[in-house]
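Input: a single structure, listed below in structure tokens.
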Amino acid sequence: MANANNLNDSFQAAFETAIHKFRVELKNDNLYREILQTRTIVEVYDVTDKLQEEQSRTGRLRHLSKIEPFLAGLRGYVNVIEVFMQAKSDVLALIWGPVKLLLQWADVLKQSMDAIVDTIAEIGILIPEFQISSELFGEKAAVRDVLLLFFGDILDFYVIALKFFGNTRLKFVFEALWPRQRDKIKIVAGHFQRHTQVLRNEVRLEHIQAEYDFRRQALESFDKFENSHRLQEYQSLRTSMPMGKYEEKLQYLDDRSCHDAGIWLMKHTEFCSWIDRSPGSNPVLWLQGIPGSGKTHLAATVVHEARKRAHSLFAFLTYTHSTNISALSILHSLVFQLSADNPTLQSILCQSSGENFRHNIEAAKSVFKTVASSAGTLYITLDGLDEIEKAPRSKILESLLQFSSEIDGLRLLISCRAEGHITSTLKGKCSSIRIDEHNTEGIHTYITQHTSKWYNERDFCPEVRKEIGSLLAPLADKAKGMFLYAKIVLETIESMDPEEILEDLEILPNTLNEAYGRILLRINQQRHIEREKARSIIGWIGVSPTPLTIHELEQALRVKSRGIGGIAIVNAKVPIDCICGPIIEVVDGYVQFVHFTVQEYFMSSDISTAIDPKEARLGLATCCITYLCQNHYDRSMEPAKMSELILTGAYRFHNFATLYWLNLVEQVFTRYSTDALPIEFINLLETLRGKRETAPDRNFEDSSVPHYMIQLRQRNPELVTMICKSISFQATSEKSSFRTKDIEWASLDPLNISTTSYDVHSLMEHFLTPSQITRPTIKEKLVYHYGDRLFKCQYMSCIFRRHGFETKASRNSHEKEHVKPWKCDVEGCEFENGGFLSRKMRDEHLMRFHAHYNVIPNSEFQNLDEADLKEVCLDLVKADDVLRVRELAAAGMLKDKPHMHDLIPCAAQYASPEMLKMLLGQKCPWSGIYTYWGIYSKLLLCEVVASKSLQMLEYILHSDPADWKKLLNVESNGRVGFDLSNRALEEKLREMRAAGLPDVLAKGNDEMLAILCKWIERDVLLEKTKSYLVYPNMVAATAGDTYREQKLLGMWRKIPSEYWAKNNWKNAITSVASTTCSIELAKFLVDQGVPMDWRNSKAVPTPLLHAARKTNAEAAELVKFLLFSGAEPVVQIVKNDTKRARSKRTVETSQIHVSEQKGAKQISKWLGVSFNELVVQAKRARGEPESSDT
């Protein structure tokens, strides 16, 4: 009896140990106490009954009966352990309490309730019948140990589930995190299954110990594997995204900021309310000020202050990368900053990141919202918004404002100038601080510190020092809150002689532009060589598609002077600051302007002596091509000679020239008409083709020739083909996993430049081996010519291919992040050995390409009725099973079937271009609605936008008209056998495409918009009578979206100016007035010479009348603009204006007073003046008599 009692005591002690372990792993004492409140299964049933009743009432009834086997299994377990010990209340509470809580928590979301019910049901099936097993094996000690194993399994399941379903942000993170938790629970479910087998067999002590070890190792291995895989997946994702290096910018600002910078801001009432998240404070704060007032330095201070409180994300946007900055790249950066040190957020990101995350702004927004909603308090600082292009500017600003209103705890700080669009977007949505009004004291401090150091360095005599100090006394007040002004004035005089300093300071410049003007004047007064060098440097920095390194720039200047016949060797540093003055700086090896206002002034079209960007682009493109034509790129070059040239710096400019020559050529072509292209530039391109082309080929599809080269192709077909093939090769390289150390990719290049790149890379890598780099002078020469970052990433699509790393270890660590770890499990798939950055991308691939494995065999198709055949066909199309659908077509099972008109749109959304092309080739019945009136254009392009399929959009817009012949012949005439002419077929297809374009413009992602723009630009140039680009539905597609409006405006700007003189194109202003009332679009049209009162008939309203009928702020502003542009406030409308009516003189004419329209009557609501007062103001502004009938 004593032994039995000892055994029971030991049994109870083991339970206590398991309970303690559970409590430690739960890490939540409050939750533990809540669990202990439930004592019996009756309380669990009470909860299920209540949930069933509530779900039934709300129409979301779930199958809670599925969990009955689990509850029955636990009931049997409790009955058995009570035989061996007096079950304590804590043990019972830990069995029943978690079930009750899990069901209550999961009920917040349909998916989560389904998940927990299904999971409990699956485990319930695995739980053995404890009562029977107990009766069979009696009270053996081994059986007790197995029962204890089951208790551990139950608690393992509970701790995983409680941690997950207890997440207060479950609705945000469920989809992202549940797959991993489900997999982990499956490990525990496996333990249930193993332990059931152990219980049913005769067990010994070593079996029990082995099961304990197995369970511990299994869970540890799972966590270790998942963590390792997550980290690899996360790093691969991060490496694949082109993002700004904002951390480096922050470090740069920290190194150059005064210790007391921003103290006044930290004490400002508005800022304190924002940073402290005071009740009622606005979550959005705008630091606004004039250029050069220190906004960026203050933004850096805010980043650090926010870091003391919570997550602090930031983006320092700058003109130097403005053409490469997109709203998508900014969002990517913010997402990866937020998740950088948080494994949970990394898991959410990885599981949320499908292929669309990399390319689609809406997908990226969804991922950011999911991650940010799970992060708690969050600060975002966005600086330099005014320095980037309008389209990405509007997109990221609107996105972040949306987040600030939708995500609890998110605080947003914007730091930029008060530009028009930014002001209108932020109006009423933020609090603001004007920083230049607080800068005078800080500027005084800056001037004092700067001049004190300068005086000591120059060692002026006391008299000169005193005189300089006297002349500098008013500088802080002259600056008017602009640190940059003070910096430019002080640095301009740094190297001058005392006499020049005193002369320059005698009359201080009144404005920053005046200070810039003095520098430009000095540059233009230099000797010819120095002047041209300075203007080249400034111009090239301003137009370069990416910042130039100092080493690249130094050689580029030598290339310009040496020409094709020489090799540009650099033997001395170029004193850029002496040549150009204090407007240029070198940061981290890259040359840039000290401020974006330098570019605005020195490349302004309003200043006669400024640098022409057009000529600068031509100059830099010429420099690149000249460099690539020089002798060190000849394929006859011996390796020994190339090695010698590498060490002398002949390939300093190599990475820039090979990567960006084509970009610059395209820029030149788009800014010059074919007739205006300098003949010297064309000849230079022909020289490049002659020296570097590998396999001349004139066969290149017309559809692949950019619109700006169509005319040039007629004169120089071989040259245009070479350029087009080079563009195609470069596009492929940027999206590929090609590596510079592999020679295979070079054969795809139509020029032998890539082969030379391979040779240069191989020899450079040879010099970087331990045996070479340690040789005397080798490293010294390489660093002198190529900089400290000698170890370049070998992946051609990576930005570090040019930027590089200082050590081989850093490079190797980075290159590991290019690995795509997730593989397809389907045997024979091209991705069987890897190729997906994330689990989500792999799963999407399986869903799209391998979902058809369970489709019924062909033999069963014959027995299906029409309805079932339609459903099977739809499933096959969705699975993109081209082979099976082709078999159906060959068997005549698609011919003349009504559901063909369902299959075609289905293919557009779910399948590949190959599937759609095959279906278009089938015989269809007449749908009864003209295709080009909308049925297929609307269906197809709407579905393509929904699927975000770039390949499908490319196909629909660029496919051969012959692909559509069967469909269009029948749809156009309602009968089989009619054959459209080729010209008519092209017209019908164009009309069909054009009818669906507004939907692409309104809803398509960035890549889709790029495809859309490319097709429209080419199509409009080929057929100028087709003015669908200015139809009302195209303009209306941009409503409320500045980003899309900028895309439309960009296409309008590429329209030849003579088009705007044609009536069908003039209708654009009516389209604007009748839809969005966009001021920017209207201004553009008026600038093109479109009359502000244009209408194609006197029977229809004028633009002013259209706008005056609308009651919104945009319409009011357009009314004002049109009136000030000369629009008439009284409109003549002619009715019944036919030839017969004119002969009988029954034409009716009436006057409509714009002032009587609904919008005109309410215009003071937005403009603060009445319509009639506005008319008077407009006439006064135009110098016309004010008395007029309005």
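Residues 1 to 1190, numbered by full-length UniProt numbering, are exactly what the sequence shown covers, in order.
We put the CB at the ideal spot given by N, CA and C, even for glycine.
Residues sharing a beta bridge with residue i, DSSP
i	result
K1135	E1148
L313	I380
V587	Y590
H20	DSSP output for H20 lists no bridge partner at all.
R739	Y795
V1130	H1153
F805	F791
Residue range of the alpha helix (DSSP H) that includes residue i
i	result
T301	295–307
S470	462–472
G690	679–692
C866	Per the sequence shown, the amino acid found at residue 866 is Glu instead of Cys. 866–878 is the span of the alpha helix (DSSP H), which, as asked, contains E866.
V885	882–890
H818	Taken as a continuous stretch (DSSP letters only), H818 belongs to no alpha helix (DSSP H), as it is neither H nor E.
Cβ-based burial, residue i [other Cβ within 10 Å; buried from 16]
i	result
C629	buried
D868	exposed
D881	buried
K533	buried
T777	exposed
E1117	buried
Q730	buried
G1183	exposed
V586	exposed
K948	buried
K50	exposed
For residue i, the first and last residue of its enclosing beta strand (DSSP E)
i	result
L287	284–288
I550	Premise fails: I550 lies in the alpha helix (DSSP H), 550–562, not in any beta strand (DSSP E).
R411	410–416
I433	431–434
Closest by C-alpha distance to residue i, when choosing among the options
i	options	result
W1015	H958, T1038, L1001, A621	H958
K427	N282, D1006, K691	N282
T1111	Q1157, I778, A879	Q1157
E437	F403, A479, S470	A479
residue 1210	A1160, C798, P1103	Given that the chain is displayed from residue 1 to residue 1190, the structure contains no residue 1210 and the question cannot be resolved.
L520	W105, I579, H814	I579
R307	Q288, Q337, V284	Q337
W274	L412, D153, P905, R180	L412
L74	K50, Q52, I127	I127
I422	Q1088, K1165, T1042	T1042
P613	K100, A572, P545	P545
R671	G804, M709, D90	M709
D788	R715, E1058, G1089, K808	K808
N716	I727, P706, I682, T732	I682
L940	L967, S912, A908, P961	A908
L508	D497, D477, R527, G481	D477
Close-in-space but distant-in-sequence residues of the same chain around residue i (CB under 7 angstroms, 5 per side omitted)
i	result
Y758	T740, I743, A746
Y455	R465
S1071	V1030, Y1031, P1032, V1035
Beta-carbon contacts of residue i that lie in its chain and below 6 angstroms, excluding the five residues immediately before and after
i	result
P291	T597
T755	A746
S415	L287, K295, A299, D383
A556	C623, F653
A14	L148
S1027	N1064, W1065
R562	A568
Cutoff 8 angstroms; reference residue i; Cβ partners in own chain excluding five residues on either side
i	result
V877	V885, L903, C906, A907, Y910, A911, M915, L919
V665	A621, I625, L685, I723
F192	I123, L126, I127, F150, D153
Chain B within 8 angstroms of residue i, Cβ atoms only
i	result
H766	Of the chains in the structure shown, none is chain B; there is only one protein chain.
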